[in-house]
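Asker: Residue numbers (our numbering): 112 to 496.
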Amino acid sequence: MSIAFIDLAAQQKRIKPRIDAAIAKVLAHGAYVMGPEVREFEAQMAAFAGAKHALSCANGTEALVLPLMAWGVGPGDAVFCPSFTFAATGEVIPWIGASPVFVDILPDTYNMDPDALEGAIQAIKAEGKLTPKAVIAVDLFGQPADYPAIAAIARRHGLKLISDSAQGFGCTLNGKHPGAWADVTTTSFFPAKPLGCYGDGGAVLTDDDWLAERIDSLRVHGKAVASDLAGRTFDHDPKYLNMRVGLNSRLDTIQAAILIEKLAIFADEIEARNAIASRYAAGLAGSVAAAPLVIEGGVSIWAQYTIEHENRDGLAAHLKVLGIPTAAYYPMPMHVQDCYSFYPQPGGLPVSEAKAKTVLSLPMHPYLDETTQGKIIDGVRSFNG
Ligand SMILES: Cc1ncc(COP(=O)(O)O)c(C=O)c1O
112 MSIAFIDLAA QQKRIKPRID AAIAKVLAHG AYVMGPEVRE FEAQMAAFAG
162 AKHALSCANG TEALVLPLMA WGVGPGDAVF CPSFTFAATG EVIPWIGASP
212 VFVDILPDTY NMDPDALEGA IQAIKAEGKL TPKAVIAVDL FGQPADYPAI
262 AAIARRHGLK LISDSAQGFG CTLNGKHPGA WADVTTTSFF PAKPLGCYGD
312 GGAVLTDDDW LAERIDSLRV HGKAVASDLA GRTFDHDPKY LNMRVGLNSR
362 LDTIQAAILI EKLAIFADEI EARNAIASRY AAGLAGSVAA APLVIEGGVS
412 IWAQYTIEHE NRDGLAAHLK VLGIPTAAYY PMPMHVQDCY SFYPQPGGLP
462 VSEAKAKTVL SLPMHPYLDE TTQGKIIDGV RSFNG
């Protein structure tokens, strides 16, 4: 049997009767958009992450743009983000007319380098062309960014902080979720994500009542929300009163129903992922590959298990022959891609550029059995390139 990079079928087998029943329930009540399962899932998700509000939306990309829109970030503004990430992190910034400013990463965790962030903010301020407004930190590969350091910098400069936890929802630092430091946490329910649905989906989590209400409005075409309606009367349905320019960004009820079942086993799956990561670390120790390092006090949810090799492409080809799938996340950082290369990248991003050439992610999912994992470890160790 071929080895899966991410085995969604194994998970489905475990909970199939519950998923089938959950979908059947939605088909029976027929509230396909903003149905009761959406609210139920949002409440469960908020409880899981210790957040006051969880607002689901259409995908993890729009989850990022919603808070930026709510804060009125726009032309002339700078938003600081890593370049060594999935394109969605930086992509949403030009959507609203603002400028991404690319910041380098730390060489051991692949997450935003706080010193590079401080340097980038100072450089943009000194240049005087853009107004710094927000920082997007990414929990790359499943582990939390250095939030205490990043949040302190953001606060000192009066910037909003978003945690792009599309790969890291469920991760903790010193026992706390990223929302303990960030104004907003966003995530993605893309099927391959650790908490994925059976299509596209995303969510925004925050403790900020004002922001939650604004995002609730923006995700439904800028509809009027309670504070817009306070003290006003209308002779038509306020549903058609659009207070601001928004978008259509909702999680389907069927996907929420599926996510309720997946969230129920998520903590257990995070434990399994950590056991698998420990086995990888033990099995690969002393071999040519460098095992990943988690920030002190951090718990990763291991969206990816990423090693490094100077002959990354040779190792990938060697593993492919052995039937072991791998992926290079990310072979090209954002700041070197043509459509992003003209945005500011103060001081350069040498670490991001170097890592793009050496990183290789191995199969990782909670159902990776010991025998299969042994084959993968042996495969890596048998490479002499
Ligand atoms: C770091 C990061 N941010 C944002 C996203 C965007 O999520 P989605 O694909 O749900 O739009 C992803 C997902 O691929 C991601 O990995």
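Cβ coordinates follow ideal geometry from the N, Cα and C atoms, glycine included.
Looking at the secondary structure, which residues open and close the alpha helix (DSSP H) in which Thr172 lies?
Answerer: Here residue 172 refers to the residue found at position 61 when the sequence shown is read from its first residue. It spans 171 to 181 - the alpha helix (DSSP H) in which Thr172 sits, taken as one unbroken run.
Asker: Compute the Euclidean distance between the alpha carbons of Tyr250 and Ala160, then round it to the nearest angstrom.
Answerer: Here the question's residue 250 lines up with position 139 in the sequence shown. Here the question's residue 160 lines up with position 49 in the sequence shown. Residue identity check: residue 250 is Asp in the sequence provided, not Tyr. In a straight line, the C-alpha of Asp250 is about 15 Å away from that of Ala160.
Asker: Given Glu229, which residues of its chain have a CB within under 7 Å of its CB, disregarding the five upstream and five downstream residues?
Answerer: The residue given as residue 229 occupies position 118 in the sequence shown. Same-chain partners within the cutoff: Ile264.
Asker: Give the straight-line distance between the Cα atoms of Asn222 and Val137, rounded to the nearest whole angstrom.
Answerer: For the purposes of this step, residue 222 is taken as residue 111 along the sequence shown, with counting starting at 1. For the purposes of this step, residue 137 is taken as residue 26 along the sequence shown, with counting starting at 1. Rounded to whole angstroms, Asn222 to Val137 spans 39 Å at the Cα level.
Asker: For Ala392, which option in Ala383, Ile381, Leu404 has the closest C-alpha, if you only look at C-alpha atoms?
Answerer: One-based indexing of the sequence shown puts residue 392 at position 281. Per the Cα distances, Leu404.
Asker: Based on Cα-Cα distance, which residue from Glu407, Pro455, Ile114 lies nearest to Ala260?
Answerer: Here residue 260 is taken as the residue at index 149 of the sequence shown, counted from 1. Measuring from the Cα of Ala260, the nearest candidate turns out to be Glu407.
Asker: Can you give the Cα-Cα distance for Gly281 and Ala335, rounded to whole angstroms?
Answerer: One-based indexing of the sequence shown puts residue 281 at position 170. One-based indexing of the sequence shown puts residue 335 at position 224. Cα to Cα, Gly281 sits roughly 32 Å from Ala335.
Asker: Quick check on the burial criterion: 16 or more other C-beta atoms within 10 angstroms. Buried or exposed for Val203?
Answerer: Sequence index remark: in the sequence shown, residue 203 carries index 92 (1-based). The C-beta of Val203 has 16 or more other C-beta atoms within 10 Å across all chains shown, which makes the residue buried.
Asker: Do you know offhand how far Gln123's Cα is from Phe300's?
Answerer: Reading the sequence shown from its first residue, position 12 is the one you call residue 123. Reading the sequence shown from its first residue, position 189 is the one you call residue 300. If you draw a straight line from the Cα of Gln123 to the Cα of Phe300, it is about 15 Å long.
Asker: Provide the residue span of the beta strand (DSSP E) that contains His164, from first to last.
Answerer: As a first step, residue 164 is located in the sequence shown; it is residue number 53 there, counting from the start. 164 to 168 is the extent of the beta strand (DSSP E) around His164.
Asker: Considering only heavy atoms of ligand 1, list every residue whose Cβ is less than 6 Å from one of them, following chain order.
Answerer: Asn170, Gly171, Thr172, Thr196, Phe197, Ala199, Thr200, Val249, Asp275, Ala277, Gln278, Ser299, Phe301, Asp311, Gly313
Asker: Which class does Val100 belong to by DSSP, given the choice of helix, strand or coil?
Answerer: This structure cannot speak to residue 100, because the chain is shown only from 112 to 496.
Asker: Quick check: the segment 365 to 372 against the segment 148 to 160, are at least 3 beta-carbon pairs closer than 8 Å?
Answerer: yes
Asker: Once DSSP output is grouped into helix, strand and coil, what is the label at Leu284?
Answerer: Counting from 1 along the sequence shown, the entry for residue 284 is found at position 173. Residue state, collapsed to three classes: strand.
Asker: For a test of the three-state rule: what should DSSP assign to Lys136, helix, strand or coil?
Answerer: What you label residue 136 is simply residue 25 of the sequence shown in a count that begins at 1. The answer is helix: DSSP assigns Lys136 an H, G or I state.
Asker: I'd like the span of the beta strand (DSSP E) that includes Thr297, first residue to last.
Answerer: In the sequence shown, the residue the question calls residue 297 occupies position 186. Run containing Thr297: 295 to 299, per the beta strand (DSSP E) assignment.
Asker: With Thr317 as the anchor, note down where its beta strand (DSSP E) starts and where it stops.
Answerer: Numbered from its first residue, the sequence shown carries residue 317 at position 206. Note, Thr317: beta strand (DSSP E), 313 to 317.
Asker: Could you give the distance in angstroms between the alpha-carbon of Ser360 and the alpha-carbon of Met180?
Answerer: Counting from one through the sequence shown, the residue named residue 360 turns up at place 249. Counting from one through the sequence shown, the residue named residue 180 turns up at place 69. One C-alpha to the other measures close to 13 Å.
Asker: Could you please give the first and the last residue of the uninterrupted alpha helix (DSSP H) stretch that includes Ala227?
Answerer: Along the sequence shown, one-based indexing puts residue 227 at 116. Per DSSP, Ala227 belongs to the alpha helix (DSSP H) from 225 to 238.
Asker: How far does the alpha helix (DSSP H) with Leu340 in it extend, from its first residue to its last?
Answerer: Within the sequence shown, numbered from 1, the residue matching residue 340 stands at position 229. Segment 337 to 340, the alpha helix (DSSP H) holding Leu340.
Asker: I need the DSSP call for Leu362, collapsed to helix, strand or coil.
Answerer: The count along the sequence shown starts at 1 and reaches residue 362 at position 251. Residue state, collapsed to three classes: coil.
Asker: Do you know how far the Cα of Met156 is from the Cα of Gly208?
Answerer: Start at 1 with the first residue of the sequence shown, and residue 208 comes out as number 97. Start at 1 with the first residue of the sequence shown, and residue 156 comes out as number 45. Taking the straight line joining both Cα atoms gives about 31 Å.
Asker: Span of the beta strand (DSSP E) holding Leu473?
Answerer: Walking along the sequence shown from the start, residue 473 turns up at place 362. Its beta strand (DSSP E) spans residues 470 to 473.
Asker: Decide if Gln415 is buried, meaning its Cβ has at least 16 other Cβ atoms within 10 Å, or exposed.
Answerer: Position 304 of the sequence shown, counted from the first residue, corresponds to residue 415. Result: buried.
Asker: Per DSSP, Phe191 forms a beta bridge with which residues?
Answerer: As a working note, residue 191 is residue 80 in the sequence shown. Its beta-bridge partners are Val212, Val246.
Asker: If you draw a straight line from the C-alpha of Ile55 to the C-alpha of Ile487, how long is it?
Answerer: Residue 55 lies beyond the range of the chain shown here (112 to 496); nothing can be said about it.
Asker: Between the Cα of Tyr441 and the Cα atoms of Tyr258, Pro128, Ala467, which residue gives the shortest distance?
Answerer: As a position in the sequence shown, residue 441 is number 330, starting the count at 1. Taking only the C-alpha atoms, the option nearest Tyr441 is Ala467.
Asker: Would you identify the three-state DSSP class for Asp348, choosing helix, strand or coil?
Answerer: By one-based count along the sequence shown, residue 348 stands at place 237. Three-state DSSP puts Asp348 in coil, outside helix and strand.
Asker: Taking the continuous beta strand (DSSP E) assigned at Leu272, which residues delimit it?
Answerer: As a first step, residue 272 must be located in the sequence shown, where it is residue number 161. Note, Leu272: beta strand (DSSP E), 271 to 275.
Asker: With DSSP run on the structure shown, which of helix, strand or coil describes Ile126?
Answerer: Locating residue 126 in the sequence shown gives position 15, where the first residue counts as 1. Note: Ile126 maps to helix in three-state DSSP.
Asker: Relative to the C-alpha of Ile130, which residue among Pro147, Leu471, Leu374, Asp226 is closest?
Answerer: By 1-based counting over the sequence shown, the position of residue 130 is 19. Among Pro147, Leu471, Leu374, Asp226, the Cα nearest to that of Ile130 belongs to Leu374.
Asker: DSSP three-state call for Glu419: helix, strand or coil?
Answerer: Against the sequence shown, residue 419 aligns to sequence position 308. Strand at Glu419.
Asker: Is there contact between the segment 285 to 305 and the segment 166 to 178, where contact requires at least three CB pairs shorter than 8 Å?
Answerer: yes
Asker: Asn385 by DSSP, collapsed to three states: which one?
Answerer: The count along the sequence shown starts at 1 and reaches residue 385 at position 274. Reduced to three states, the DSSP call for Asn385 is helix.
Asker: Assuming Gln484 is part of the alpha helix (DSSP H), what are its boundary residues?
Answerer: Counted from its first residue, the sequence shown places residue 484 at position 373. Gln484 -> alpha helix (DSSP H) spans 481 to 492.
Asker: So for Ala438, helix, strand or coil by DSSP?
Answerer: As a working note, residue 438 is residue 327 in the sequence shown. Residue state for Ala438 is assigned as strand, using DSSP reduced to three classes.
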